[in-house]
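Novice: Structure in structure tokens, see below.
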Amino acid sequence: LAKTTQPISMDSYEGQEVNITCSHNNIATNDYITWYQQFPSQGPRFIIQGYKTKVTNEVASLFIPADRKSSTLSLPRVSLSDTAVYYCLRTLPTDKLIFGTGTRLQVFP
Amino acid sequence: NAGVTQTPKFQVLKTGQSMTLQCAQDMNHEYMSWYRQDPGMGLRLIHYSVGAGITDQGEVPNGYNVSRSTTEDFPLRLLSAAPSQTSVYFCASRTGSDGYTFGSGTRLTVV
Chain A
1 LAKTTQPISM
11 DSYEGQEVNI
21 TCSHNNIATN
31 DYITWYQQFP
41 SQGPRFIIQG
51 YKTKVTNEVA
61 SLFIPADRKS
71 STLSLPRVSL
81 SDTAVYYCLR
91 TLPTDKLIFG
101 TGTRLQVFP
Chain B
110 NAGVTQTPKF
120 QVLKTGQSMT
130 LQCAQDMNHE
140 YMSWYRQDPG
150 MGLRLIHYSV
160 GAGITDQGEV
170 PNGYNVSRST
180 TEDFPLRLLS
190 AAPSQTSVYF
200 CASRTGSDGY
210 TFGSGTRLTV
220 V
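Here the protein sequences come in this chain order: A and B. Note that my numbering numbers the first sequence so that position 36 is 36, with each residue one more than the last. Note that my numbering numbers the second sequence so that position 46 is 155, with each residue one more than the last.
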């Protein structure tokens, strides 16, 4: 089961926009891209999901280009409370979620 | 709705002991999964279920059994605990195309 590829860690400052890119070269036709957020000592929390183009909700935006080989999670104006691990996943047709190592985002004052 | 409830929150076992981690959801979700997360690592899928009576193996199923006799419950059984099973265990559920809802986890230590 192929996992996605994303940076191990990123640093940002409060008020900045953060873009986390995820690579999924072998994405299948029926796969969706889903992002989860995990704080220490908590279970992951669903953030956003998309198939292609752009999806936006109250928390984030997700950009998926036409070839769908990558995607970018955009967090506008981050705060200290956005410090967490962010996981990019291919949502398989069989509904299993296979997690990679995620991106550790550290937001500084 | 209570969401996904996991019990116990903490557990210490001796090597060779068996136990069951409980997971219950009150959202009538079809899909349920069990994950383990070792320190500093991502989550690894142990077992999952797409509905009552249907289960399948994930990435790391050895040493664990599951059953899904009802929609609400998805217990995870450790047959003979080993120190390598020391981890945090998360249960999750979803319905349709929605994202998974995760429980708060069970922290298991095997000595």
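Note that CB positions come from ideal geometry on N, CA and C, so glycine has one too. Keep in mind the model is a prediction, meaning the values are calculated, not measured.
#1: Leaving aside the five residues before and after Thr129 (chain B) along the sequence, list all residues of the same chain whose C-beta is less than 6 Å from its C-beta, in chain order.
#2: Count the other C-beta atoms from every protein chain shown that fall within 10 angstroms of the C-beta of Thr56 (chain A), then say buried if there are 16 or more, exposed otherwise.
#3: Contact defined as beta carbons within less than 8 Å: I believe Arg153 (chain B) pairs with Tyr140 (chain B). What is the distance between those atoms, to the nearest angstrom?
#4: Quick test of your reading: Gln196 (chain A) and Ile27 (chain A), contact by CB under 8 Å. State the CB separation rounded to the nearest angstrom.
#5: CA-CA distance, Ser9 (chain A) and Gly172 (chain B)?
#6: Taking all protein chains shown into account, decide if Gly214 (chain B) is buried (16 or more other Cβ within 10 angstroms of its Cβ) or exposed.
#7: Mind checking if Asp207 (chain B) is an interface residue toward chain A, Cβ cutoff 9 Å exclusive?
#8: Check whether the Cβ of Pro7 (chain A) sits closer than 8 Å to any heavy atom of the ligand PLP, and report yes or no.
#9: Taking the alpha carbon of Arg45 (chain A) as the reference point, which residue from B:Leu217, B:Arg216, B:Gly167 and B:Thr210 has its own alpha carbon closest?
#10: In terms of residues, what are the limits of the beta strand (DSSP E) holding Arg68 (chain A)?
#11: Reducing DSSP to helix, strand and coil, say where Ser81 (chain A) ends up.
#12: Secondary structure at Gln126 (chain B), three-state DSSP: helix, strand or coil?
#13: Asn34 (chain A) lies in the beta strand (DSSP E); which residues open and close that run?
#14: Find out if the Cβ-Cβ distance for the pair Gly100 (chain A), Gly151 (chain B) is shorter than 9 Å.
#15: Applying the 10 Å Cβ sphere with the 16-neighbour rule, what's the burial state of Thr53 (chain A)?
#16: Under a CB-based cut-off of 9 Å, is Thr179 (chain B) close to chain D?
#17: Near Asp11 (chain A), which residues of its chain fall below 7 Å by C-beta distance, leaving aside the five closest residues on each side in sequence?
#18: So Leu217 (chain B) and Gln134 (chain B) are in contact, right, with Cβ under 8 Å, and what is the actual spacing, rounded?
#19: Examine chain A for any beta-carbon lying closer than 9 Å to the beta-carbon of Ala101 (chain B), and answer yes or no.
Specialist: To lay it out plainly:
#1: Pro184 and Arg186
#2: exposed
#3: Actually they do not touch by this definition, with Cβ atoms about 17 Å apart.
#4: Any question about residue 196 (chain A) goes unanswered here, given that chain A covers just 1 to 109.
#5: 32 Å
#6: buried
#7: yes
#8: The ligand PLP is not part of the structure shown, which contains no ligands of any sort.
#9: B:Thr210
#10: No beta strand (DSSP E) contains Arg68 (chain A), which DSSP labels as neither H nor E.
#11: helix
#12: coil
#13: The sequence shown places Thr at residue 34 (chain A), rather than the Asn named in the question. That run of the beta strand (DSSP E) goes Tyr32 to Gln38.
#14: yes
#15: exposed
#16: No chain D is present in this structure, whose protein chains are A and B.
#17: Gln106 and Phe108
#18: Wrong, their Cβ atoms sit about 20 Å apart, outside the cutoff.
#19: A query on residue 101 (chain B) cannot be resolved here, the shown segment of chain B reaching from 110 to 220 and no further.
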